[in-house]
Structure formats: C-alpha cells, structure tokens
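Reading through the structure tokens given below for one structure.
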C-alpha cells in the first residue's frame, strides 16, 4: 500500500469495489486473497456488523493475519465458532447466507462459471481442481460477487463446462431449475464492473476502472 491515495494497484481497486458491494449486517462467505481484503475493508469502514464465514466452518472470523487458505489457523483466535465443512456449507444449504464470493477460469454472459476444464470434458486442454464449495455457494447464497481477470478467453460467449450455475441461458431459467439463491449480482474484473439485466439476466458493463477503456473491454470479451 502507498500513502499517496491517488495511486493504487488494480488489485486494490478491485478490493475496494468488492467492499462497496457489502452491506452492514450481512453474512458473507469469503475465501482468501482479494475477497478477504474486500470483506474486511468493508467491516473496517461501513459494515462493522458483517459476519465473515469460511467454508471450512470458521464463523465470524477476525483474522490476526492474512490466511493462506480457508482452513488457516489464523482464523481461529477471536472467532465466534470453529466447526467443519458441514457447518460452513450447511449454512449455505439452509439459505442463510446473504453473499458469497466466487472466481473461476471462465464466465459467460449469463454468469455461469467454469472451474473444471478448458476444452472437451473427456479430453481437455487443461483440467482444473473443480468446484470445491463454489457450486454450493453459487446455488445457495442470496447473491454472489464474481472476481475475474478480464481476458477474452476467460469471458467466452459460452463456458466449456458449467461448474457453478449463474442464470443458465438467461431469463427465468434459473428459477425453473429450482435454485433458491438469486444468482450473481456483479462481476468485478480487472477492467471494470459488470452487472446483470434484471429481465434477460445478460451481463452488461456498468462501469470501467480508471485506466481502462470501453474498447479494451470489448476486445477482451467474447460476445
């Protein structure tokens, strides 16, 4: 961090944008990295009553240092509860979480996320680690924030594999499949902030970061 507040990194910009999306009193399932920085920036500023939850079962955490994983021991001191996966993801399945953070290798125009494969599932060019808790979070949280590197191959018209459901093919399709979470509300990329049309559920550019341009975003988006 620098003391010159007119200068910032893109990671800092994204963390600030994430913090602005969090409301006071919300129960938020977060991971490590930028989501953690955004969540605790919100808690230190406008959302002091935010409750941070990790899928490992750490509830209402106040980390003494930056955790390296969702099961890091720095999440233990000062937390309200230490459980396990059943507690951490059980809250999601109960429909009790307001907000979840997600990321992925690909996202399409309807907010569907891929963290499985690039290419054909049975003969992929690249195979990733898979879902972890992201399918649960995307299906069950009242809304989600997606944080992504903005490149054309990461923003295709259609993902190679749907790991985490967004709005499927748009419109009311998510409701048709019976998902109780409301789906993604915003995508915070390295170039801008994208939201979803309330009717079509198609992603649109809401704003772009300082230094980025609309032309640059179009060039790096696959639709």
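In this note's numbering, the protein residues as written are 113 to 335. Idealized CB from N, CA, C, for every residue including glycine. In this text, all values refer to a predicted model and were calculated from it rather than measured experimentally.
Asked	Found
Whole-angstrom distance between residue 258 and residue 202, CA atom to CA atom	21 Å
Beta-bridge pairing of residue 207 - partner residues as DSSP gives them	Residue 207 pairs with nothing; no bridge assigned.
Segment limits, alpha helix (DSSP H) that includes residue 168	Segment: none, residue 168 is in no alpha helix (DSSP H) and carries neither H nor E.
For residue 180, three-class secondary structure by DSSP	coil
Reduced DSSP secondary structure (H/G/I, E/B, other) of residue 146	helix
Rounded straight-line distance, which links the Cα of residue 254 to that of residue 320	25 Å
Helix, strand or coil at residue 231 [DSSP, three-state]	strand
Contact under 8 Å by Cβ, residue 134 with residue 204	no
Nearest-angstrom Cα separation, counted from residue 144 out to residue 128	15 Å
Buried or exposed (CB count within 10 angstroms, at least 16 for buried), residue 264	exposed
With 16 other Cβ atoms within 10 Å as the buried cut-off, status of residue 154	buried
Three-state secondary structure assigned by DSSP to residue 125	helix
Residue nearest to residue 221 in terms of C-alpha spacing, selected from 269, 244, 196 and 242	269
Residues bridged to residue 319 (per DSSP)	305
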